[in-house]
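Have a look at the structure below before the remarks.
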Amino acid sequence: MHTRKLFGTDGMRGVAGRYPLDRETVLKFGKSLGVMLHKMNGTGRPEVVLGEDTRESSRWISELLAAGIASAGARVFYAGVITTPGVAFLTRHHGFTAGIMVSASHNPYYDNGIKVFSNSGLKLSDAQELELERAIESNHLGAGIEPLHDLAAEPEFLSQYVGYLRSLLPGNLPLPVGPLVVDCANG
7 MHTRKLFGTD GMRGVAGRYP LDRETVLKFG KSLGVMLHKM NGTGRPEVVL GEDTRESSRW
67 ISELLAAGIA SAGARVFYAG VITTPGVAFL TRHHGFTAGI MVSASHNPYY DNGIKVFSNS
127 GLKLSDAQEL ELERAIESNH LGAGIEPLHD LAAEPEFLSQ YVGYLRSLLP GNLPLPVGPL
187 VVDCANG
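Next comes the structure, spelled out in structure tokens:
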């Protein structure tokens with residue numbers, strides 16, 4: 007039985023800039039995911055929403071992922087800086103083929119990670135992650151693909167997610183006024 011080497015319990019994580027989060031592997035990840043989504047989607051062009059946290063490495067990882075995905079013929083919609091649950095929400099809400107979050111959550115600032123959501127807004131199954139990992143390991147198509155430096159966040163995505171969160175408050179209660187504590191947890 008083949009065990010996963012790249013994916014842990016919550017996506018692929020590591021030190022940004024080092025394997026498996028080096029430029030070549032991130033490009034292969036994007037390209038392999040785009041190809042896999044074409045197979046899953048059947049007919050039609052796969053559409054992916056991509057979000058990131060505020061770590062220094064998140065932007066270049068997003069640019070490389072987007073380039074790899076686009077090189078496989080999938081369309082990338084960029085959410086910009088958003089929470090992981092926000093990407094899951096947008097994936098479901100808009101019916102995207104998949105969602106991707108670039109974040110390592112609570113891990114140290116020098117780490118980062120890539121988490122993929124299925125069209126249901128849930129993480130990929132172990133079998134799907136294994137399939138993606140095998141494709142990344144055998145993919146030699148990362149060379150010659152340039153990062154997409156012109157990613158521009160879709161302005162309505164964040165407001166849609168905030169609107170959804172507000173809808174969860176009982177009876178149109180206003181947000182409380184007063185001190186607010188935020189834990190950015192390295193990202």
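When the sequence shown is numbered by my numbering, its final residue is 193 and no position is left out of the sequence of numbers.
By construction, the Cβ of each residue, glycine as well, lies at the ideal position given by its N, Cα and C atoms.
- Query: Hey, LYS34 and ILE142: beta-carbon distance below 8 Å or not?
  - Reply: By one-based count along the sequence shown, residue 34 stands at place 28. By one-based count along the sequence shown, residue 142 stands at place 136. Cβ atoms of LYS34 and ILE142: closer than 8 Å.
- Query: If VAL41 sits next to ILE67, beta carbons under 8 Å apart, how far is it from one beta carbon to the other, in whole angstroms?
  - Reply: Residue numbering aside, residue 41 sits at position 35 when the sequence shown is read from its first letter. Residue numbering aside, residue 67 sits at position 61 when the sequence shown is read from its first letter. Their Cβ separation, rounded to whole angstroms, is 19 Å, which puts VAL41 and ILE67 out of contact at 8 Å.
- Message: Using 8 Å as the cut-off, can you tell me whether the stretch 130 to 140 makes contact with the stretch 67 to 81, which would need three or more C-beta pairs spanning the two stretches below that distance?
- Response: no
- Task: Have a look at ARG140 and GLY48 and give me their C-alpha separation to the nearest angstrom.
- Result: The sequence position of residue 140 within the sequence shown is 134, counting from 1. The sequence position of residue 48 within the sequence shown is 42, counting from 1. In a straight line, the C-alpha of ARG140 is about 20 Å away from that of GLY48.
- Item | C-alpha gap between GLY17 and ILE120, whole angstroms | As a first step, residue 17 must be located in the sequence shown, where it is residue number 11. As a first step, residue 120 must be located in the sequence shown, where it is residue number 114. Cα-Cα distance, rounded: 6 Å.
- Item | Where LEU128 falls, given that 16 or more other Cβ within 10 Å makes a residue buried | Within the sequence shown, numbered from 1, the residue matching residue 128 stands at position 122. Classification of LEU128: exposed, given that the 10 Å Cβ count is below 16.
- Query: So, using beta-carbon positions, are GLY36 and LEU70 closer together than 8 Å?
  - Reply: Your numbering for residue 36 matches position 30 in the sequence shown. Your numbering for residue 70 matches position 64 in the sequence shown. Contact flag set, yes.
- Report the partner residues of ASN118 according to the DSSP bridge assignment. Mapped onto the sequence shown, residue 118 falls at position 112. Answer is GLY20, bridged to ASN118.
- Please report how far the alpha carbon of PRO26 lies from the alpha carbon of GLY177, in whole angstroms. The residue given as residue 26 occupies position 20 in the sequence shown. The residue given as residue 177 occupies position 171 in the sequence shown. Taking the straight line joining both Cα atoms gives about 46 Å.
- Message: Given this structure, state the Cα-to-Cα distance separating LEU174 from ILE151, to the nearest angstrom.
- Response: Counted from its first residue, the sequence shown places residue 174 at position 168. Counted from its first residue, the sequence shown places residue 151 at position 145. Each residue's alpha carbon lies about 42 Å from the other.
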